[in-house]
Amino acid sequence: MTKEYHRNIIYGIKWISLFIGCCLLLTLSALLASCSEHNKNALQQTGELFLNHKNEFLDTLTEMTDTKQRSSIISKIAYNLSYKDPKEIKQELTKWQTRTKRSSKENEVIAELIQAVENPY
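The sequence shown: position 48 = 85 (the working numbering), numbered continuously.
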């Protein structure tokens, strides 16, 4: 078994874990948002989950081939961040984008995130 074989296995497990995490985030968000008493708190918590794991979400979103599904997830993430100041979120995402050299696909996803944060509804 080569290093590349192990790397591919780890990459596959990482991608599956991140995808499951995204699905759980969206399910948790929908479930908690349905309870009006906990709506704001739930949105804040799921938005924080994204902010604390931006790179993992970016990896998952970048790998998605279905652009409609990716846009839907980005829209939900932006909605979950809507209880924060959009200017602060946009600034944080822009700094995060420029800190590291990114591929064009990653930049495209981040740009879509920024646009969605500016207009989450």
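Note that CB positions come from ideal geometry on N, CA and C, so glycine has one too.
In the structure shown, residue 139 falls within a coil segment according to DSSP collapsed to helix, strand and coil. Below 8 Å, too few C-beta pairs join the stretch 129 to 140 and the stretch 103 to 111 to call them touching: fewer than three. With contacts defined by Cβ atoms closer than 8 Å, residue 154 and residue 127 form a contacting pair. In this structure, residue 111 sits away from residue 86, with a CB-CB distance that is not shorter than 8 Å.
With fewer than 16 neighbouring CB atoms inside 10 Å of its own CB, residue 131 falls in the exposed class. For residue 121, the secondary structure class from DSSP, reduced to helix, strand or coil, is coil. Going by DSSP, residue 103 is part of no alpha helix (DSSP H) at all; its letter is neither H nor E. Counting C-beta atoms within 10 angstroms of its own C-beta, residue 115 has 16 or more neighbours from the protein chains shown and is therefore classed as buried.
In the three-state scheme derived from DSSP, where H, G and I count as helix and E and B as strand, residue 156 is classed as coil. If you draw a straight line from the Cα of residue 119 to the Cα of residue 108, it comes to about 16 Å.
With fewer than 16 other beta carbons inside 10 angstroms of its own, residue 124 counts as exposed.
In this structure, the straight-line span from the alpha carbon of residue 97 to that of residue 135 is close to 19 Å.
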